[in-house]
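Asks: Plus 18 on top of the position in the sequence shown (first one is 1) and you've got our numbering.
Yeah, the Cβ is synthetic: ideal placement off N, Cα and C, and Gly gets one too.
I'd like to ask you about the structure that follows.
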Amino acid sequence: MASTDTVALEQWRSQTGFVLAALGAAVGLGNVWRFSYVAGENGGGAFILVYVALVLLVGYPLLLAEFAIGRSAQSESASAYATLAPGSRWRGIGVLGVLAALAILFYYPVVAGWALKYLALFAFDPAEAMRPGVASSRFQSFIAGPLQPLLWMGAVLAMTVAIVWMGIERGIERASAVLMPALAVILLLLAGYGLSLDGAGKALEFLFRPDWEALARPRLYLAALGQAFFSIGLAMGVMVTYASYLPRDRALPGAALAVVAGDTLFAIVAGLVVFPAVFTFGGDPAQGPVLAFVTLPQVFVHMPGGAIFALGFFALLVIAAVTSLVSLLEVPVAWLMRRWRWRRGQASITVGAIAFVAGMPASLGHGLWRDVRIAGLPILEAMDHVASNLLLPVGGILIALFVGWSWQRGEALAGSGLRPAALAVAWRLALRYAVPAMLALVLVAGIRA
Ligand code: TRP
C-alpha cells in the first residue's frame, strides 16, 4: 500500500481556493469548444435539456462521491480506493482514473495549442487575421503542417508544467484565483455582445426550444452523458486528488454544488457567445469539432469589432484550457510523488514531456496522418470519443458501485458531509442503484444505436 504518512501533504489555503481550483478543472475546452459543437450536432435544445438533467441526477452525486473519497482517504486517486477499502479489488478504479487522465492528456493539449495559435494570430496580426478567408485557410494549412502545431502544443504544456511545478497552494490555487475571475469577466462581456447581434433570437430558440423528436434518439443521451462527464471532470481521479488536499473538516456538498452549477452555467453562457455569432453570419451549427476554429473565425471577419471579439474568445479558450490541463497533469504527478516519492518538479516535467510526445499522433491526425481513420474518425476525435463516451461513464459506474457497496456504510455517509442524515442515505442509495443503472442503460443503448 502507498505510504503517505511520511510525505508531507500539501493543502489548499482556503475553501474558496479549493472551489476555484476545482472549477478551473471543470471549466475548460469542454465548456466552449466541445459543448458548442456537440450541442450543435445534437440539435441544441433537446440536448441541453438532457444534459442538465444528467448533470443533476448523475453528475452531482458522483462529484460529491469523488470529493468524499479524496478527502476521506487523504490520498491521490490511484491509492485512495485501496486506502478506504483495504484488501478489496477496488484499487483498480484508481488506476483506471490515472489511465483515463493520461488518455485525455494525450489529445487535449493539441486543441489547446490550436487556441493559443489563434490567440497569437489575432493578437499580433489582427489586420491579416481579419481578411476574409485568411483565419480559416490559415488554420487548415497550420494544422496540416507537422511542426507548428507541435510547437504551440509544447507552449501550452510548458505553461501547465510551470503551474503544477509551483505546487498546490502557490501554483494551482493562486493561478485559479486569478484566472477564474478573469474568465468569468471575458465570458460575460462576450455574451453581452453576442446577445446584441441580430441572430441572438434564433440562437436562443436553438438553445432553449427543444425539438421533442430528438429525444427519441439514444445517441443523444450518450452524447449528453459523455459531455457531462468530460465537462465536470469526473471519473479521472482529478476531483479525488484535488479533494485530498482538503483538511478533513471541510464541507463538501456546497463545494460540489458550486462546481456543478458553475460549470453548467459557463457552458450555457458560452453557447450565448458562439451561437448568436453563428446564426447572425450564416455558419452551420452542426459543423463538428472545427466549429470554434473554422466556422467562428469566418464569422468574426464579418462582425463589427470582430478582431476584439476574437481576441477575447481565444484568450478565454486558452485560459480555460490551461486550468483544466493543470488538473489533468496533477493526477499522474500526485501519483508519482506520493507513491514513488518523486519530487514535484521532476514529476511535472516528466509527465509534461510524456504528454508532449504522446500528443503527437492526435496532432498529426489533422496533418500528415490526415488519412488515418479509426472507426471513421480522425485520431484526435477517436481518442476523445473513447475517453468521453466509454472510459468516463465506465469509471462513473465503478465509482458509484464503490461508494454504494464497498465503502463501509457509516464512513461513506459521514464522508459525504451531507446533512440531515436522510440526505446522505438518499445519496448513497442513488449511488448504489439508480446512478449505475442509469449509466449502464445510456451506455449500452448509446453504443448499440
Ligand atoms: N473538464 C475539462 C473541460 O471541460 C476537461 C477536464 C479536466 C477533464 N479535468 C478532467 C475531463 C477530468 C474529464 C476528467 O474541458
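Indicate, with yes or no, if the ligand TRP has a heavy atom lying under 7 Å from the CB of Ala17.
Replies: Only positions 19 to 467 of the chain appear in the structure, and residue 17 is not among them; the question remains open.
Asks: Short of 8 Å in beta carbon distance, which residues of its chain neighbour Leu27, apart from the five on each side in sequence? Order them along the chain.
Replies: Working through the sequence shown from its first residue, we reach residue 27 at position 9. Once the five neighbours on either side are set aside, the close Cβ partners of Leu27 are Gln92, Ser262 and Tyr263.
Asks: Could you pull out every residue in the same chain whose Cβ sits closer than 8 Å to the Cβ of Val390, ignoring the five residues on either side in sequence?
Replies: Stepping through the sequence shown from its first residue, residue 390 is reached at position 372. So the list reads Gly383, Pro396 and Ile397, once near-sequence residues are dropped.
Asks: Roughly how many angstroms separate the alpha carbons of Ser106 and Leu419, rounded to a whole number?
Replies: On the sequence shown, position 88 is the one that residue 106 refers to. On the sequence shown, position 401 is the one that residue 419 refers to. Cα-Cα distance, rounded: 13 Å.
Asks: Report back the beta-carbon spacing between Val349 and Ala119 to the nearest angstrom; my notes put them in contact at under 8 Å.
Replies: If you number the sequence shown from 1, residue 349 lands on position 331. If you number the sequence shown from 1, residue 119 lands on position 101. Contact between Val349 and Ala119 holds, with the beta-carbon distance rounding to 4 Å and staying under 8 Å.
Asks: Report whether the distance from the Cβ of Gly46 to the nearest heavy atom of the ligand TRP is below 7 Å.
Replies: Position 28 of the sequence shown, counted from the start, is the residue given in the question as residue 46. Gly46 Cβ: within cutoff of the ligand TRP.
Asks: Val308: which of Ile161, Leu457, Ala253 and Gly323 sits nearest, CA to CA?
Replies: Translated into the one-based positions of the sequence shown, residue 308 becomes position 290. Selected option, being the one with the closest Cα: Ile161.
Asks: Is Ala43 close to the ligand TRP? I mean its beta-carbon at under 7 Å from any heavy atom of the ligand.
Replies: Here residue 43 corresponds to residue number 25 of the sequence shown, with the count starting at 1. Because some heavy atom of the ligand TRP lies under 7 Å away, the Cβ of Ala43 counts as near it: yes.
Asks: Between the stretch 266–286 and the stretch 40–59, do three or more beta carbon pairs fall short of 8 Å?
Replies: Yes, the stretch 266–286 touches the stretch 40–59.
Asks: Leu27 by DSSP, collapsed to three states: which one?
Replies: Walking along the sequence shown from the start, residue 27 turns up at place 9. Note: Leu27 maps to coil in three-state DSSP.
Asks: Can you list, in chain order, the stretches of the alpha helix (DSSP H) that have 4 or more residues and sit fully within the stretch 132–215?
Replies: 144–147, 152–162, 165–184 and 192–213
Asks: Would you mind stating whether Trp30 and Glu191 have Cβ atoms separated by less than 8 Å?
Replies: On the sequence shown, position 12 is the one that residue 30 refers to. On the sequence shown, position 173 is the one that residue 191 refers to. The answer is yes: Cβ separation under 8 Å.
Asks: I'd like to confirm the pairing. Which residues does DSSP put opposite Leu395 in its beta bridges?
Replies: Locating residue 395 in the sequence shown gives position 377, counting from the first residue. In DSSP, Leu395 forms a bridge with Ile392.
Asks: Rounding to the nearest angstrom, what Cα-Cα distance links Ala269 and Ala138 in this structure?
Replies: Residue 269 sits at position 251 when you count from the first residue of the sequence shown. Residue 138 sits at position 120 when you count from the first residue of the sequence shown. Distance between the alpha carbons of Ala269 and Ala138 is about 41 Å.
Asks: Tell me whether the stretch 221–236 and the stretch 65–74 touch, counting them as touching only if at least three CB pairs, one residue from each stretch, are closer than 8 Å.
Replies: yes
Asks: Say yes only if the C-beta of Ile122 is nearer than 7 Å to one or more non-hydrogen atoms of the ligand TRP, and no if none qualify.
Replies: For the purposes of this step, residue 122 is identified with residue 104 of the sequence shown, where counting begins at 1. Checking every heavy atom of the ligand TRP against the Cβ of Ile122, one is found closer than 7 Å.
Asks: Could you compute how far the alpha carbon of Ala272 sits from the alpha carbon of Leu461?
Replies: Position 254 of the sequence shown, counting from 1, holds the residue named residue 272. Position 443 of the sequence shown, counting from 1, holds the residue named residue 461. Note on identity: in this sequence residue 272 is Gly, with Ala being the wrong assignment. In this structure, the alpha-carbon of Gly272 lies about 29 Å from that of Leu461.
Asks: Measure the alpha-carbon distance for Leu459 versus Ile111 and round it to whole angstroms.
Replies: Position 441 of the sequence shown, counted from the start, is the residue given in the question as residue 459. Position 93 of the sequence shown, counted from the start, is the residue given in the question as residue 111. In a straight line, the C-alpha of Leu459 is about 20 Å away from that of Ile111.
Asks: Can you give me the C-alpha to C-alpha distance between Leu386 and Leu410, rounded to a whole angstrom?
Replies: Translated into the one-based positions of the sequence shown, residue 386 becomes position 368. Translated into the one-based positions of the sequence shown, residue 410 becomes position 392. Rounded to whole angstroms, Leu386 to Leu410 spans 29 Å at the Cα level.
Asks: Quick test of the definition: if touching needs 3 or more C-beta pairs under 8 Å, does the stretch 337–348 touch the stretch 191–208?
Replies: yes
Asks: Let me know the secondary structure DSSP gives Trp425 once reduced to three states.
Replies: Stepping through the sequence shown from its first residue, residue 425 is reached at position 407. The answer is coil: DSSP assigns Trp425 none of H, G, I, E or B.
Asks: Exposed or buried, which one is Ala467 when buried takes at least 16 other CB atoms within 10 Å?
Replies: Start at 1 with the first residue of the sequence shown, and residue 467 comes out as number 449. Looking at its Cβ environment, which holds fewer than 16 other Cβ atoms inside 10 Å, Ala467 is exposed.
Asks: Do the CB positions of Val291 and Gly115 come within less than 8 Å of each other?
Replies: For the purposes of this step, residue 291 is identified with residue 273 of the sequence shown, where counting begins at 1. For the purposes of this step, residue 115 is identified with residue 97 of the sequence shown, where counting begins at 1. No.
Asks: Judging by CA-CA distance, which residue of Asp229, Leu240, Leu213 and Ala274 is the nearest neighbour of Gly251?
Replies: Position 233 of the sequence shown, counted from the first residue, corresponds to residue 251. Closest by alpha carbon: Ala274.
Asks: Within the same chain, show all residues whose beta-carbon is closer than 8 Å to that of Asn49, passing over the 5 residues directly before and after it, in chain order.
Replies: Counting from 1 along the sequence shown, the entry for residue 49 is found at position 31. Within the same chain, Asn49 has close Cβ partners Ser249, Asp281, Phe284, Ala285, Ala288 and Ala338.
Asks: Grab the span of the alpha helix (DSSP H) containing Arg237 for me, first residue to last.
Replies: Walking along the sequence shown from the start, residue 237 turns up at place 219. Segment Pro236 to Ile250, the alpha helix (DSSP H) holding Arg237.
Asks: At a cut-off of 7 Å, is Met16 close to the ligand TRP when judged by its beta-carbon and the heavy atoms of the ligand?
Replies: Residue coverage of the chain in this structure runs from 19 to 467, which leaves residue 16 outside it and unanswerable.
Asks: Classify Asp402: buried if its beta carbon has 16 or more other beta carbons within 10 angstroms, exposed otherwise.
Replies: Sequence index remark: in the sequence shown, residue 402 carries index 384 (1-based). Looking at its Cβ environment, which holds 16 or more other Cβ atoms inside 10 Å, Asp402 is buried.
Asks: Between the stretch 442–454 and the stretch 208–228, are three or more C-beta pairs nearer than 8 Å?
Replies: no
Asks: Verify the contact flag: Leu314, CB atom, against every heavy atom of the ligand TRP, threshold strictly below 7 Å.
Replies: As a working note, residue 314 is residue 296 in the sequence shown. For the ligand TRP, not one heavy atom lies less than 7 Å from the Cβ of Leu314.
Asks: Does DSSP put Glu223 in a helix, a strand or coil?
Replies: As a working note, residue 223 is residue 205 in the sequence shown. In the structure shown, Glu223 sits in a helix (DSSP, three-state: H, G or I).
Asks: I need the straight-line Cα distance from Gly58 to Ile367, nearest angstrom please.
Replies: The residue labelled residue 58 in the question sits at position 40 within the sequence shown. The residue labelled residue 367 in the question sits at position 349 within the sequence shown. The alpha-carbon atoms of Gly58 and Ile367 are separated by roughly 37 Å.
Asks: In the DSSP assignment, the alpha helix (DSSP H) including Gln316 goes from what residue to what residue?
Replies: Position 298 of the sequence shown, counting from 1, holds the residue named residue 316. Segment Leu314 to His320, the alpha helix (DSSP H) holding Gln316.
Asks: Could you give the C-beta distance for Ala373 and Leu175, rounded to a whole number, given that I count them as a contact under 8 Å?
Replies: As a position in the sequence shown, residue 373 is number 355, starting the count at 1. As a position in the sequence shown, residue 175 is number 157, starting the count at 1. Indeed they touch by this definition, with Cβ atoms about 6 Å apart.
Asks: Spatial neighbours of Leu82 within its chain, please: CB distance less than 8 Å, with the 5 preceding and 5 following residues excluded, ordered by chain position.
Replies: Indexing the sequence shown from 1 puts residue 82 at position 64. So the qualifying residues of the chain are Leu270, Pro271, Ala274, Ser434, Leu436 and Trp445.
Asks: Pull up the distance between the alpha-carbon of Phe247 and that of Leu168, whole angstroms please.
Replies: To locate residue 247, count along the sequence shown from 1; it is residue 229. To locate residue 168, count along the sequence shown from 1; it is residue 150. Roughly 27 Å between the two C-alpha positions.
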